[in-house]
Amino acid sequence: MTPIVPASTTGLMTIDLGRIAANWRALRHLVSPAACAAVVKADAYGLGADRVIPALVAAGCKTFFVATAKEAALARTLAPEAELFVLDGLLPGSAQSLFACCATPILASLDEVREFASLAREADTKFAAGLQVDTGLNRLGLSPDDIAAALSDGLFEALNLVLVMSHLASADVAEDPKNAAQLEAFQAALKTFPGVRASLAASDGLLLGAPFHFDLVRPGYALYGGQASTARRAPVSDVVKVEARVLQVRDVAPGESVGYSATWRATSASRIAIIAAGYEDGLPRALSRTTDDASDSYVLFGSIRAPIVGRVSMDLITVEVTDVSPAIRRGDLATLIGGERTLEAVGHAAGTIGYELLTRLGSRFHRHYIEGTR
Ligand SMILES: *Cc1c(COP(=O)(O)O)cnc(C)c1O
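Residue numbers (this note's numbering): 741 to 1114.
Now the structure itself:
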C-alpha cells in the first residue's frame, strides 16, 4: 500500500497504531492475570509518543513508563488518568518537575531514596514512589546493603512505595542461567516489601514464563513489533515500515566506482539507484558495502533485493538495481525497513540491534499513521 504523501516527501515511516494496540492486547493476554504496562520512553521508541500513547490508552493501558521528567510531562497531557513512572528516577532537586505532572519516580539509589524521604518528611506527606532493586544488572537499583541501610534509617516509612521493580540482563537468551539467578534475587528482595506490587519483566523477560510476570510487566520494544529474543517469538506483528524515494537511476560502466572513497567498483555494466536517506536519517554507516563484501545490506523494491553499494553518506545511499524488473524509476519508493527487512535483520546487517535502529530513525522521515488491524 502506498499512502498519499506530499510529493516532496523524501522518506516515509508508516506506523500502524492499530497494530501497536493489538500487540499490547496480545501481551496483556499472554501475561494475564498480571497487568501489562507500556514503555513509551524515547518518544515511544521513535514512533511518536503523541500518537502512540493515546492509541494505547484507547486499548486499555493504564500504566506507562518513561525515562525522563520531560517525557513524563508530555505523557501526562496524553494520558491524564494513567499511572506514570519515570525510570531515570530523581535527579538532585528535580522532585517538583515530577510532582507537576503527577509522575512517580522509580528511585534507584540510596541517595535518591534519602532525598525523596526527606522531602516527604518536610511536607508531612507520604509521596508515592517506585523502587528499583539491583539483582545483577549493575546498572540502576539499590543493592541488598542499600536496602538494609534505608531500612535501618526508616526511609521507606516516609514513603508510599507503590512498585518494586528490577531489570533482567540476559532475558533475550532464554537458557542463560542469569535469568534464574536474578529471579531468585528479586524474590529475596521482595520479602522486605510485602504487599507492594512487583515488576521484573520487559519484552523478553515476559516470554520466560509466568514466574517472571509478578504483578506487572513492562514491555516496550515488543509493542513496536520488535523480536529481540533469540529463542522465543513474541505474539506481536510489525508496526513500522520505512521507505525512501529514488532520486535518480544511473548507468555505471565496468570499472567505475560509486560513492565516497570509491569503495565499490562495478565489475560489469550496472544500474545504480540513488536513494534519499542516509546516516542523518538513522541508516547506520556500517551498512556500507565494498565490492567483495557479501554482507546482508540491501533494500527492497517489492520483494526484490537491491544491495547497497559503496558508502552510506549523510543524505543518500546507492543501491544496485541492474536486474530489477520492472525497471526502477525516479520517484519510486525503496523499502528500508519492512517485510523481510525486519528491525532485527537490518540491525544485524549494521552490527547493531533493532532497538538502536528504531530509536534513531530521523526527523526527515514523514510519519504517516494508519489504523490497521485492531
Ligand atoms: C527500556 C526498559 C524497559 C522496556 O524494555 P524492552 O526491552 O523495550 O521491552 C523495561 N524496563 C526498563 C527498566 C527499561 O529501561
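Where is the CB? At the ideal position from N, CA and C, for every residue including glycine. Please read all numbers here as calculations on a predicted model, not as lab measurements.
Residue(s) in a DSSP beta bridge with residue i
i	result
Gln-988	Ile-1014
Pro-845	Val-826
Phe-867	Leu-899
Ile-760	In the DSSP output, where bridge partners are listed per residue, Ile-760 has none listed.
Ala-766	In DSSP, Ala-766 forms no bridge with anything.
Ser-997	Arg-1005
Met-905	Gln-872 and Ser-939
Glu-983	Leu-752 and Thr-1075
Ala-778	Phe-804
Arg-1029	Gly-1050
Start-to-end residues for the beta strand (DSSP E) that takes in residue i
i	result
Ile-1110	1106 to 1110
Thr-1075	1073 to 1077
Ile-1057	1057 to 1060
Thr-817	Run containing Thr-817: none in the beta strand (DSSP E); it sits in the alpha helix (DSSP H), 809 to 818.
Ile-755	751 to 756
Ile-793	Here Ile-793 belongs to no beta strand (DSSP E); instead the alpha helix (DSSP H) covers 789 to 799.
Phe-804	803 to 806
Leu-1040	1038 to 1041
Contact test: residue i Cβ vs ligand 1 heavy atom, cutoff 8 Å
i	result
Met-905	yes
Leu-770	no
Gly-966	yes
Leu-918	The question names Leu, but residue 918 in the sequence shown is Lys. Checking every heavy atom of ligand 1 against the Cβ of Lys-918, none is found closer than 8 Å.
Pro-845	no
Leu-827	yes
Phe-805	yes
Val-779	yes
Arg-958	yes
Gln-872	yes
Asp-944	yes
Tyr-1038	no
Tyr-1109	no
Tyr-1095	yes
Ala-914	no
Ala-921	no
Ala-962	yes
Tyr-1019	no
Tyr-1000	no
Pair within 9 Å by beta-carbon distance, residue i and residue j
i	j	result
Pro-832	Glu-862	no
Ser-906	Leu-940	yes
Ser-1065	Ile-1048	no
Val-982	Thr-1058	no
Arg-937	Val-904	yes
Leu-899	Ala-868	yes
Leu-767	Val-989	no
Phe-839	Phe-825	no
Ala-843	Ala-812	yes
Ala-921	Gly-876	yes
Phe-952	Leu-880	no
Tyr-1109	Gly-966	no
Asn-763	Tyr-1038	no
Thr-1007	Pro-994	yes
Val-1086	Leu-1076	yes
Leu-859	Val-853	no
Gly-800	Glu-1111	no
Val-992	Gly-1018	no
Ile-1014	Leu-1056	yes
Val-745	His-1088	no
Gly-788	Arg-1100	no
Leu-956	Thr-1062	no
Pro-794	Ala-819	yes
Start and end residues, alpha helix (DSSP H) containing residue i
i	result
Phe-954	No alpha helix (DSSP H) contains Phe-954, which DSSP labels as neither H nor E.
Pro-884	884 to 892
Pro-917	917 to 930
Ala-1089	1083 to 1089
Ala-1046	Taken as a continuous stretch (DSSP letters only), Ala-1046 belongs to no alpha helix (DSSP H), being part of the beta strand (DSSP E) at 1044 to 1047.
Gly-1094	1094 to 1099
Tyr-961	Per DSSP, Tyr-961 belongs to no alpha helix (DSSP H) and is neither H nor E.
Gln-836	835 to 839
Asp-783	781 to 785
Closer than 9 Å to chain C by CB, residue i
i	result
Tyr-1038	The structure shown has no chain C; it contains just one protein chain.
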